[in-house]
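In order, the protein sequence lines correspond to chains A and B. Quick note on my numbering: the first sequence kicks off at 23 and runs consecutively. Quick note on my numbering: the second sequence kicks off at 80 and runs consecutively. Every residue, glycine too, gets a C-beta built ideally from N, C-alpha and C. The model shown is predicted, which means the values in this text are computed figures rather than measured ones. Down below is the structure, laid out as structure tokens.
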Amino acid sequence: MAESLLAPGHTACLGCGELLGARLAIDAAGPNTIVVNTTGCLEVCTSKFPQSAWRVPWIHSLFDNAGPVAAGIEASLRAQGKKQGITVIAQGGDGGMADIGFGFTSGMWERGHDVLTMIFDNEAYMNTGIQRSGLTPFDARTSTSPSGKVSFGNPRPKKDMVQIAVAHGLPYVASTSSSYARDLQTKVKKAIAIEGPTFIHVHTPCPLGWGFAAASTVEIGQLAVKTALFPVVEIEEGKVTKVMSFREKTPVEEYLKPQARFRHLFAGNGAAEQIAQIQAIADQNIERYGLLRSS
Amino acid sequence: MATAVEQERKIIEGSMAVAEIVKRCRPQVVSAYPITPQTHIVEDLSQFVADGEMECEFINCESEFSAISICLGASATGSRVYTATSSQGLLLMTEVLFNVSGLRLPIVLTCANRAVSSPLSIWNDQQDSIALRDAGWMQFYAEDNQEVADLHLQAYKIAEDHRVLLPAMVCMDGFILTHAFEPVELPAQEAADAFLPAYDPLVKLDPEQPVTMGAFADPNYYMETRWHLEYAMSQAHAVIEEVATEFEQTFGRPGLHVIEEYRTEGAETIILGLGSMMSAVKDTVDELRDEGEAVGAIKLRCYRPFPEKRLIEALQGVKRVAVMEKDISLGKGGAVCTDLRAALYDLPERPAVTGFVVGLGGRDIANHTVRACYQRTKQGSGENVWVEMREDLLEPEMVQAWKQQWE
């Protein structure tokens, strides 16, 4: 096996889905890639001076500006006549890319820079201690959206970054999961072959933040997809061209139950209604993308 | 100072003077967001690009924050870059400005100086750039549009020098300079190229030679990186002087010497200021000299790095200094006055220093303003003295507090 472009020896937690996803992605992108990374888990785990896990040119500027920094790199390469054959990736977590850096991500997309944007979504601000983000799912318990006597945790559903990207007119938008290595790598290769702004939303389970055993990362990620709480889709020129579908419906409880962040949904008054609401979110996804195969 | 270098003389707006010289500096990437009174600069540059007179990637973006971030990425990839902003735009950039200097990227930015909100004001003072004095950017201030143009050419050369590698901010007073028409001499492209060769980055993002930029530093490493920056600032003094001398010899105009002395011979009182106000200051010095007063002026061209040594030399034997500045570090006084007082503190004999806050939010600075400061300085030192206030807008006790500064 060839040496990975994201070297071992970084300081990520045992079973980290984000590092798994990022490693799969950069190995699919290859060595002629320049990576811009937001502040966050992925950044601090891989770039603590004087060491670096990156075998590609890599820059971290701030929490919020991976989009415009990547845009500047792309423009600079074009100005120097070197853009041909070099991939520019803007990547980071849900906080950096979809929350605090959202407007800047949007600006980069709207201007049409030839940059692949990747969100490694672990559904909360994990680097600062599991605080709620705009991509935290409905009813998940975080340190700033705790469950309590009058609360079931995060009161809002996940912001739909895939549809937001589609609304920007991006030629290629996809979602995938660190639990589906081949799907992730195929999508990265497809995205970088397309000129213009492309976006891949990668679901990456976090054992520490979600509260599950480190050995279960891949399984938990697969359950998010199979329950349709995280639909895996491909949208080209605004049209859904491919989805990861299933023969049987998996009840959301199977995904929720092994995670400490949803434990409060399995005790106490009104919990069943909450689970029914989560199932309704999954059902909407199934219907929207046709995730259930009849045969 | 005769010179053989080819130059052309044009009567143009200050913003156009900036655009013309920036074009000659050949930035490969330009990104900006419009804000009054900076707008004409980027409009002129975009017209150059549209007319094929300037070859660069010109990126219209959705905020100043993105503009400076785009410049950061482009500079890290080894390109010469340019941006311009003002007031709220500069403040919105703040997080990135600190990051740029830490990454040692020699970006040049024009600040069309403007007051900051609230209240909203589009008019000139220098609060915006002065507020960013700790950001690790060199700061140069222009008196007129010739100087604005000349400072840009020199700023790139200083910033990109491997002994420095710090970003530079060229500050010009909004409207007073940006929108004023003046004759400006501009070097021919070949002359500009000879003075300012292509940017030669020490490191850059390149798949041929992968590097990690912007690593994070724990307490074992962070402090030394800040010392690197502070050391670079200290090294910049000599580089600035070298570049200023070369500029002078090449183009026959005053270079970016950190201060300019005006009629300081035998002066007992010095009026020190920054930017366009120096025209009124010099004019008033002429009047006062005619009246027999022993007064001169010092123009501060370079505010960061602070030219402490040069100021101490220049103020030797001077009895009084009036610092006039268009900024206020609320709760203390003008920043330049505070810095100057600190610089003089260790001297066995030092002049009395009086700090004047003038011209905030576009309030005019006329000869009578300068004269008032001069007269007040002769009465004894003071700090945070505000000039020419409207009493009808102040409560009686505030009027009293203000008037006490003048006693």
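Task: Supposed close pair Asp240 of chain B, Val318 of chain B - CB separation, criterion 8 Å - done: 5 Å
Open item on the list: Going by DSSP in three states, Arg383 of chain B sits in which element: helix, strand or coil?
Closed with: strand
Open item on the list: Can you give me the C-alpha to C-alpha distance between Leu171 of chain B and Ile349 of chain B, rounded to a whole angstrom?
Closed with: 36 Å
- [ ] Measure the alpha-carbon distance for Phe284 of chain A versus Ala162 of chain A and round it to whole angstroms.
- [x] 6 Å
Open item on the list: Just to confirm the assignment: which complete beta strand (DSSP E) runs, minimum length 3, are found wholly within the segment 178-258 of chain A?
Closed with: 194-199, 220-225 and 255-258
TODO: Pull out every residue of the segment 70-92 of chain A whose Cβ sits closer than 7 Å to any Cβ of chain B, in chain order.
DONE: Lys70, Phe71, Ser74, Trp76, Arg77, Val78, Pro79, Trp80, Ile81, His82, Ser83, Leu84, Asn87, Pro90, Val91 and Ala92
TODO: Provide the residue(s) that pair with Tyr147 of chain A in DSSP beta bridges, ordered along the chain.
DONE: A:Gln153
TODO: Jot down the residue ranges of each uninterrupted beta strand (DSSP E) in the segment 200-262 of chain B, minimum 3 residues, whole runs only, in chain order.
DONE: 217-220 and 247-252
- [ ] Return helix, strand or coil for His307 of chain B, following the three-state DSSP convention.
- [x] helix
Open item on the list: Extract the residue ranges of the alpha helix (DSSP H) inside the segment 338-400 of chain B, only unbroken runs of 4 or more that lie entirely within it.
Closed with: 356-369 and 387-393
Open item on the list: Ignoring anything shorter than 4 residues, give me the alpha helix (DSSP H) runs that lie fully in the segment 431-471 of chain B, in order along the chain.
Closed with: 446-457
- [ ] Report yes if the CB atom of Arg253 of chain A is closer than 9 Å to the CB atom of Met266 of chain A, and no otherwise.
- [x] Going by the sequence as given, residue 253 of chain A is Pro instead of Arg. Closer than 9 Å, so yes.
TODO: Could you list the residues in the segment 283-294 of chain B with a C-beta less than 7 Å from some C-beta on chain A, going in chain order?
DONE: Leu284, Asp285, Pro286, Pro289, Val290, Thr291, Met292, Gly293 and Ala294
Task: Euclidean distance between Cα positions of Ser142 of chain B and Ile149 of chain B - done: 11 Å
- [ ] On a CA-only basis, which of A:Ala101, A:Thr60, A:Ala92 and A:Lys70 is nearest His82 of chain A? Give me that one, please.
- [x] A:Thr60
TODO: State the Cα-Cα distance for the pair Cys209 of chain A and Pro79 of chain A, rounded to the nearest angstrom.
DONE: Reading the sequence as shown, one finds Lys at residue 209 of chain A and not Cys. Distance between the alpha carbons of Lys209 of chain A and Pro79 of chain A: 22 Å.
- [ ] Pick helix, strand or coil for Tyr301 of chain B, following the three-state DSSP scheme.
- [x] helix
Task: Ser128 of chain A (DSSP reduced to helix, strand or coil) - done: helix
Task: Residue nearest to Ala421 of chain B in terms of C-alpha spacing, selected from B:Ala311, B:Ile237, B:Glu387 and B:Asp406 - done: B:Glu387
Open item on the list: If we define contact as Cβ-Cβ less than 9 Å, is Thr55 of chain A a contact residue for chain B?
Closed with: yes
Open item on the list: Contact defined as beta carbons within less than 8 Å: I believe Gly115 of chain A pairs with Asp86 of chain A. What is the distance between those atoms, to the nearest angstrom?
Closed with: At roughly 12 Å, the Cβ-Cβ gap does not stay under 8 Å, so Gly115 of chain A and Asp86 of chain A are not in contact.
- [ ] Taking 9 Å as the cut-off, decide whether the C-beta atoms of Pro266 of chain B and Phe274 of chain B are in contact.
- [x] yes
- [ ] Tell me whether Ile152 of chain A is buried or exposed, calling it buried when 16 or more other Cβ atoms sit within 10 Å of its Cβ.
- [x] buried
Task: Environment of Thr324 of chain B [buried if 16+ CB atoms lie within 10 Å] - done: exposed
Task: Three-state class that DSSP yields for Gln113 of chain A in the structure shown - done: strand
TODO: Pick helix, strand or coil for Met119 of chain A, following the three-state DSSP scheme.
DONE: helix
Open item on the list: Taking its Cβ as the centre, do 16 or more other Cβ atoms sit within 10 Å of Met477 of chain B, making it buried, or is it exposed?
Closed with: exposed
Task: Bridge partner(s) assigned by DSSP for Glu134 of chain B - done: Paired residue(s): none; Glu134 of chain B is not in a bridge.
- [ ] With 9 Å as the limit, tell me which residues of the segment 125-145 of chain A have their beta carbon closer than that to any beta carbon of chain B; keep them in chain order.
- [x] Gly125, Phe126, Ser128, Gly129, Met130, Glu132, Arg133 and His135
Task: Residue environment, Val172 of chain A, which counts as buried when at least 16 other CB atoms sit within 10 Å - done: exposed
Task: Asp205 of chain A CB to nearest heavy atom of the ligand HEM below 8 Å - done: With respect to the ligand HEM, the structure offers nothing, as it holds no ligand at all.
Task: Residue from B:Leu124, B:Ser196, B:Ala194 and B:Val397 with nearest C-alpha to Ala163 of chain B - done: B:Leu124
Open item on the list: Do Cys140 of chain B and Gly129 of chain A have their beta-carbon atoms positioned less than 9 Å apart in this structure?
Closed with: yes
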